[in-house]
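Heads up: the sequence shown is residues 0 to 217, going by this note's numbering.
Where is the CB? At the ideal position from N, CA and C, for every residue including glycine.
Keep in mind the model is a prediction, meaning the values are calculated, not measured.
Working notes, structure below.
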Amino acid sequence: KKFTIREEDRDKIAYLQFEAVCMRTDMWLNGKHLGFHPYGYTPFYYDITPHLNPPGEPNIVAVRVKNEGMNSRWYTGSGIIRHVWLTLVDPVHIDVSGGLYITTPVIADNYAEVKVITNIVNSGNTDVSFTLDTELSDPSGRVAATIISRSTVIAGQTQPVSQEITVEMPSLWSIGKPDLYQAKVTVLVNDGTVDSLSTHFGIRSIKIDAQNGFTLNG
0 KKFTIREEDR DKIAYLQFEA VCMRTDMWLN GKHLGFHPYG YTPFYYDITP
50 HLNPPGEPNI VAVRVKNEGM NSRWYTGSGI IRHVWLTLVD PVHIDVSGGL
100 YITTPVIADN YAEVKVITNI VNSGNTDVSF TLDTELSDPS GRVAATIISR
150 STVIAGQTQP VSQEITVEMP SLWSIGKPDL YQAKVTVLVN DGTVDSLSTH
200 FGIRSIKIDA QNGFTLNG
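Here you go:
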């Protein structure tokens, strides 16, 4: 597969993400071996920034699959069986692999506590101060709660930011009424947006015990 990088993306970090390749997969970019992924049903990615040709010049991705023998619980086919993404981000960005994690640890009669953990990566050479702006929208699309946090991520490291947000009178997710909220996380550096990510989640409580088995929302 050939692709080129635009001039305006020269300073971006580039990730090549595969949702699944079945299986025993080797990857190359411009003749440089990126790595080996043995399993056919899990996602994986590579930071291809160091191996990219200059903007405007073609890059070549090569994928080799060795799907040998009887090795599957079910038949999916061979080769690239799910989506492939070329993701371009600023040096300070949300981790492309599991960068946003949401739980609902406290649910009461008239409020819920939503915990949002965002992993911020700094691929640059200097420490960077940033602002994390998180907005929660209810199932109808109205803003339910917001929170702003400020932190610093050290060069070459990942900084997790934990935010606890109170939602008044939450609409609980259930099998009969699967209401979903949306969380939008925005990363700002020097008051400018460098990355953002949105995801849906349900506010619900889960409990498992020996007397009642599994209970949802009590």
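(request) Could you check the C-alpha separation between VAL83 and THR117 for me, to the nearest Å? (result) Cα to Cα, VAL83 sits roughly 23 Å from THR117.
(message) Taking 7 Å as the cut-off, is the beta-carbon of GLY212 closer than that to any non-hydrogen atom of the ligand FAD?
(response) Here there are no bound small molecules, and the ligand FAD is not part of this structure.
(message) Among the candidates VAL188, LEU187, LEU51, ASP137, whose CA atom is the shortest distance from the CA of PRO177?
(response) Looking only at VAL188, LEU187, LEU51, ASP137, the smallest Cα-Cα distance to PRO177 is reached by ASP137.
(request) Quick one: measure Cβ to Cβ for VAL193 and VAL184, integer angstroms, because I've assumed they're closer than 8 Å. (result) Contact between VAL193 and VAL184 does not hold, since the beta-carbon distance rounds to 12 Å and is not under 8 Å.
(request) Could you tell me which residues DSSP puts in a beta bridge with VAL188? (result) GLY191
(request) To the nearest angstrom, report how far apart GLU163 and VAL142 are at their CA atoms. (result) 16 Å
(request) Using a threshold of 8 Å, state whether the C-beta atoms of MET22 and TYR38 are closer than that. (result) yes
(message) Is it buried or exposed, ILE205, if we count other Cβ atoms within 10 angstroms and call 16 or more buried?
(response) exposed
(request) Grab me the residues of ASP8's own chain with a C-beta within less than 6 Å of its C-beta, minus the 5 sequence neighbours each way, in chain order. (result) Apart from sequence neighbours up to five positions away, the residues of its chain that approach ASP8 with a beta-carbon distance below 6 Å are LEU87, ordered along the chain.
(message) My output table needs one value for ASP208: the three-state DSSP class, helix, strand or coil.
(response) strand
(message) Between the alpha carbons of ASN58 and ASP10, how many angstroms are there, rounded?
(response) 16 Å
(message) By DSSP's criteria, MET168 is part of a beta bridge. Which residues make up the other side?
(response) Beta-bridge pairing links MET168 to no other residue.
(message) Give the list of continuous beta strand (DSSP E) stretches no shorter than 3 residues that lie fully inside the stretch 101-169.
(response) 110-121, 127-136, 142-152, 157-167
(request) Pick helix, strand or coil for ASP8, following the three-state DSSP scheme. (result) helix
(message) Could you compute how far the alpha carbon of VAL20 sits from the alpha carbon of PRO42?
(response) 8 Å
(message) Can you find the residues in the same chain that come closer than 7 Å, C-beta to C-beta, to PRO90, ignoring five residues on each side of it along the sequence?
(response) ILE12, ASN121, SER122, GLY123
(request) Verify whether the separation of the beta carbon atoms of VAL236 and VAL115 is less than 8 Å. (result) It is not possible to answer for residue 236, since the shown part of the chain is limited to 0 through 217.
(request) Report the rounded CA-to-CA distance for TYR45 versus PRO54, giving the unit in angstroms. (result) 19 Å
(request) With distances taken Cα to Cα, identify the nearest neighbour of ALA111 among GLN210, PHE17, ARG5, TYR180. (result) TYR180
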